[in-house]
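For reference, the structure is listed below as structure tokens.
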Amino acid sequence: MSDSNWRGRASCRGVDPELFFPESSDEPLVRKQVAAAKAVCRVCPVRDRCLADALLRLPHGIAGGLTEQERRRVRSADSLARADTPRWQALLDAGRSHPEIAHECGVTVRTVDRWVSRLREEVASGRGDPR
Numbered sequence: 001m002s003d004s005n006w007r008g009r010a011s012c013r014g015v016d017p018e019l020f021f022p023e024s025s026d027e028p029l030v031r032k033q034v035a036a037a038k039a040v041c042r043v044c045p046v047r048d049r050c051l052a053d054a055l056l057r058l059p060h061g062i063a064g065g066l067t068e069q070e071r072r073r074v075r076s077a078d079s080l081a082r083a084d085t086p087r088w089q090a091l092l093d094a095g096r097s098h099p100e101i102a103h104e105c106g107v108t109v110r111t112v113d114r115w116v117s118r119l120r121e122e123v124a125s126g127r128g129d130p131r
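Position one of the sequence shown corresponds to residue 1 (UniProt numbering), numbered consecutively onward.
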């Protein structure tokens with residue numbers, strides 16, 4: 001199954017989507033629903049890919065094991081670089097330009113330049129994957 005079909009391997013496939021979008025004025029009920037959704041995410045084989053996608057595209061609900069508030073806290077450029085590394089590197093490997101990668105990942109070209117620079121430094125030091 002290709003990376004573009006990662007959702008087909010998700011643990012939440014077949015689970016009522018409402019579980020991941022708690023809406024209630026009853027705070028204990030919301031906490032219980034959040035815990036249940038996170039339990040599904042915790043054992044998911046594509047959790048990291050889901051989180052990377054959610055950081056880029058999902059403003060609401062629980063995805064990748066995090067609530068919308070938790071995702072908001074990790075959305076700095078450096079956090080995004082760590083969470084979305086497979087995606088931007090795949091785009092780079094596919095020959096996409098830095099502006100195309102930036103657009104696809106929802107960041108600036110300067111951020112992509114930094115990611116690529118860090119990757120080159122890691123490769124030069126023997127720590128990274130030589131692409």
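Every residue gets a Cβ at the ideal spot worked out from N, C-alpha and C, and that includes glycine.
With DSSP collapsed to three states, give me the class of residue i.
| i | result |
| --- | --- |
| Ala37 | helix |
| Arg17 | It is Pro, not Arg, that sits at residue 17 in the sequence shown. DSSP places Pro17 in helix when its eight states are reduced to three. |
| Glu27 | helix |
| Gly8 | helix |
| Cys50 | helix |
| Pro22 | coil |
The alpha helix (DSSP H) spanning residue i covers which residue range?
| i | result |
| --- | --- |
| Ala60 | Per the sequence shown, residue 60 should be read as His rather than Ala. No alpha helix (DSSP H) holds His60; DSSP gives it neither H nor E. |
| Glu121 | Val109 to Ala124 |
| Arg73 | Glu68 to Arg73 |
| Pro99 | His98 to Cys105 |
What's the C-alpha gap between residue i and residue j?
| i | j | result |
| --- | --- | --- |
| Leu56 | Cys44 | 19 Å |
| Arg120 | Trp88 | 14 Å |
| Gly14 | His103 | 32 Å |
| Glu68 | Ile62 | 6 Å |
| Ser117 | Cys105 | 17 Å |
| Leu91 | Arg31 | 38 Å |
| Asp48 | Cys41 | 10 Å |
| Gln33 | Ser125 | 46 Å |
Within 9 Å of any Cβ in chain D, is that where the Cβ of residue i sits?
| i | result |
| --- | --- |
| Arg96 | Considering every chain present, this structure includes no chain D. It has just one protein chain. |
Exercise. Quick check: the region 90 to 102 against the region 56 to 65, are there 3 or more CB pairs under 8 Å?
Worked result: no
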